[in-house]
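One rule links them: number in my numbering = place in the sequence shown (from 1) + 165. Just so you know, even glycine gets a beta-carbon here, dropped at the ideal spot from N, CA and C. Predicted model only: the values in this text are computed from it and were never measured.
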Amino acid sequence: SPARTSAPTSYGIKTWYLFTYNLVQFCGSSWIFSNISVRFLTFGEDSLVDTYHSIGDVMGLCQLLSILELIHIAMGIDHSPFLPRFLQVSERNVILFVVITSQEELQSRNIVCVLFSLWSALDVFRYPYLMLSLITTDLHILSWIHHSLWIPLYPLAVMAEGIAIYQALPYFEALGTYSFQLAWPVGAVIHFPYILQLYIIILILGTYVSCQQFYEERKKLMRKCVVKIKQK
166 SPARTSAPTS YGIKTWYLFT YNLVQFCGSS WIFSNISVRF LTFGEDSLVD
216 TYHSIGDVMG LCQLLSILEL IHIAMGIDHS PFLPRFLQVS ERNVILFVVI
266 TSQEELQSRN IVCVLFSLWS ALDVFRYPYL MLSLITTDLH ILSWIHHSLW
316 IPLYPLAVMA EGIAIYQALP YFEALGTYSF QLAWPVGAVI HFPYILQLYI
366 IILILGTYVS CQQFYEERKK LMRKCVVKIK QK
């Protein structure tokens, strides 16, 4: 997801901490994307069914680490907008840990491989951009890729998340996972599949907010590029 990071004039502890964090995330997303690609080229469609079992642990670690980004913004060491980043971090963690991890039958579905591929494809350009923008501003090509790649990939990723939820609904219905009944005197039954269906609506609204922010970031980038071209 596009985000602004100002290039500092001196490299302090904060800069190197953020540099290291983004480097770790870049290594993780690169490993995931390359692993999925190599496995598919080697084993074909047979590799899709065990994507979660082969890559799920690393993906889970990367998504848990991404929660730190919200802390970075809250502490003021990262000046990215909080709401879009919160929506992106929360939606991935909900899909991965609440939906996919809890349903073993879903883990072998092709949609998991598609989802992991889209997430890692976005991150494999996002994190090097954030990492290098901490120490330099000469990132024209990488910046353009970073601010343009979301146009096809982010909506596809959200669509894949919605499909994953839809495919998981029968399993939540049959097993009653996360569904429970409130104690007396209320006695109401909290049916988790209904919550997931409501979450799809929230996901769509969150996508609108995120895309709006991404568009504004890209518009500013294009404006800067036009100014630089005119100056030449």
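Rounded to whole angstroms, the gap between the alpha carbons of Y336 and E326 is 16 Å. Nearest C-alpha to I316 among S298, S375 and I178: S375. Looking at the DSSP output, V354 shares a beta bridge with Q346. The beta-carbon separation of M296 and F191, rounded to 6 Å, stays under the 8 Å limit for a contact. In this structure, DSSP gives V391 a helical state, which the three-state scheme calls helix. Uninterrupted alpha helix (DSSP H) stretches at least 4 residues long and entirely within the segment 170-225 occur at 178-208, given in chain order. For C227, same chain residues with a beta-carbon under 8 Å away, outside a window of 5 residues either side, are Q190, G193, S194, I197 and D288 in chain order. Nearest to L229 by C-alpha distance, out of V263, D243, K389 and R388, is V263. From the listed residues S245, A286, M240 and E338, the smallest Cα separation to E381 is found for S245. The Cβ-Cβ distance between L233 and Y186 falls below 8 Å. Spatial neighbours of F184 in its own chain (CB-CB distance under 6 Å, excluding positions within 5 residues in sequence) are listed in chain order as M296 and L299. Looking from the CA of V254, the closest CA among I236, I242, E270 and D303 belongs to I236.
Annotation: the continuous alpha helix (DSSP H) that includes E326 extends over H305 to L340.
Counting C-beta pairs with one atom in each stretch, the segment 348-357 and the segment 305-320 have fewer than three that are closer than 8 Å, which means they do not touch. Taking all protein chains shown into account, F208 has fewer than 16 neighbouring C-beta atoms within 10 Å of its C-beta and is therefore exposed.
Out of L314, C390, P249 and G221, the CA that lies nearest to the CA of T302 is found in C390. Looking only at A333, S199, W349 and H312, the smallest Cα-Cα distance to Q378 is reached by H312.
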